[in-house]
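Take the sequence shown: its position 152, counting from 1, is numbered 153 in our numbering, and each next residue is one higher. Note that beta-carbon positions come from the ideal geometry of N, C-alpha and C, so glycine has one too. If you're wondering where the values come from, they're calculated on a predicted model, not measured in any experiment.
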Amino acid sequence: MAFAAVGPAITQTAYSSPHLQVDYNNSISLLSSPTAFTLLHNAHEAVLVDAPARDFDAEQVAKWITSIIPDKSLKYIYITHGHVDHFGAFPIIQKRHPNAKVVATSGVIKHMEQQLLPETWNFWLSADTADSTVLWVPSVDLVVAGDVAYGLCHQYLAESPTPELRAQWRASIEKVKALKPKVVIPSHMQEGEGYGVVHLAEPAEYINSFEKWLKTAKTWEELENLAKEAYPNRTGDHILRSSAQAFFTVNSSQT
2 MAFAAVGPAI TQTAYSSPHL QVDYNNSISL LSSPTAFTLL HNAHEAVLVD
52 APARDFDAEQ VAKWITSIIP DKSLKYIYIT HGHVDHFGAF PIIQKRHPNA
102 KVVATSGVIK HMEQQLLPET WNFWLSADTA DSTVLWVPSV DLVVAGDVAY
152 GLCHQYLAES PTPELRAQWR ASIEKVKALK PKVVIPSHMQ EGEGYGVVHL
202 AEPAEYINSF EKWLKTAKTW EELENLAKEA YPNRTGDHIL RSSAQAFFTV
252 NSSQT
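Spelled out as structure tokens, the structure:
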């Protein structure tokens, strides 16, 4: 994980893209998690953190940006990490805001290429090789946390099937805590949750719970049900199912 920082006199505004219905095995519709996209702006210019996967949602975000900063320039689109729901339709936003450069670390871009075969992408690269980043705004004690922090949404653990990878996630949370932010904007949260530091406490608890359940669950269905029972207020059952199934595609000695 890496940190990026932006300068003083910053205002933040977040746009929440709603749930999507996702077909599962061509028969059951599950819900994805809502996704937040953060606009940081000063007196003259702005940075958008992440971009939606779908063209329609990107159109809505692009219009929203114009409504928030009608007389300012969108200078950068900063991609926190390589999941397609954080970058997929950024060219749509660039059509409405043609001066915006897409910024990502080389590690994030490599992850993006694994998620989706790129077309002609024009990136302004950071030298950092991290494949997951957060954006730190020290002037207002704010962190745009990407998928390091979570609100009331099931966490995507499909890419963290081993104890080592889950330990890395917890370590990333501790690094963000060490910044002592007062405002934390996770990428996945429900509308109306607010931007408190609780978003840095709950993800580690969720990971710890998963590790406890892995000791007893015999099937992915059992693991999924344990998560639903323990966290009935969390949404994103498609993410939960993907995560639960992932733990039963690896050797049990890894979990």
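Short of 8 Å in beta carbon distance, which residues of its chain neighbour residue i, apart from the five on each side in sequence? Order them along the chain.
{"i": "VAL109", "result": "ILE80, THR81, HIS82, GLY83, ALA131, ASP132, SER133 and THR134"}
{"i": "HIS45", "result": "LYS73 and SER74"}
With DSSP as the reference, label residue i as helix, strand or coil.
{"i": "VAL85", "result": "helix"}
{"i": "VAL23", "result": "strand"}
{"i": "SER33", "result": "coil"}
{"i": "TYR16", "result": "strand"}
{"i": "TYR77", "result": "strand"}
{"i": "LYS102", "result": "strand"}
What number of angstroms, rounded off, separates the C-alpha of residue i from the C-alpha of residue j?
{"i": "LEU316", "j": "LYS102", "result": "With the chain covering 2 to 256 only, the question about residue 316 has no answer from this structure."}
{"i": "PHE88", "j": "PRO187", "result": "15 Å"}
{"i": "ALA52", "j": "ASP86", "result": "7 Å"}
{"i": "ALA228", "j": "PHE211", "result": "8 Å"}
{"i": "TRP170", "j": "LEU49", "result": "24 Å"}
{"i": "PRO233", "j": "ASP58", "result": "27 Å"}
{"i": "VAL141", "j": "TYR196", "result": "13 Å"}
{"i": "ALA247", "j": "HIS155", "result": "14 Å"}
{"i": "ASP148", "j": "LEU166", "result": "14 Å"}
{"i": "ILE69", "j": "ALA37", "result": "15 Å"}
{"i": "LEU153", "j": "ARG235", "result": "5 Å"}
{"i": "ARG242", "j": "ALA54", "result": "20 Å"}
{"i": "VAL177", "j": "GLN61", "result": "30 Å"}
{"i": "ALA105", "j": "ALA146", "result": "15 Å"}
{"i": "SER244", "j": "LYS213", "result": "15 Å"}
{"i": "VAL198", "j": "GLU225", "result": "27 Å"}
Skipping 5 residues on each side, what residues in its chain have a beta carbon closer than 7 Å to that of residue i?
{"i": "GLN22", "result": "SER30 and LEU32"}
{"i": "ALA205", "result": "ARG171 and ILE174"}
Relative to the C-alpha of residue i, which candidate in the options has its C-alpha closest?
{"i": "TYR77", "options": "VAL85, SER68, PRO92 and ASP86", "result": "PRO92"}
{"i": "PRO162", "options": "ILE208, LYS219 and CYS154", "result": "ILE208"}
{"i": "LYS181", "options": "ALA231, THR36, VAL138 and HIS98", "result": "VAL138"}
{"i": "HIS189", "options": "ALA218, TYR157 and THR217", "result": "TYR157"}
{"i": "THR67", "options": "THR14, LYS219 and PRO19", "result": "THR14"}
{"i": "TYR16", "options": "ALA205, GLU222, GLN191 and HIS239", "result": "GLN191"}
Segments assigned alpha helix (DSSP H), at least 4 residues, entirely inside the stretch 144 to 198: Whole alpha helix (DSSP H) segments, 4+ residues: 164 to 179.
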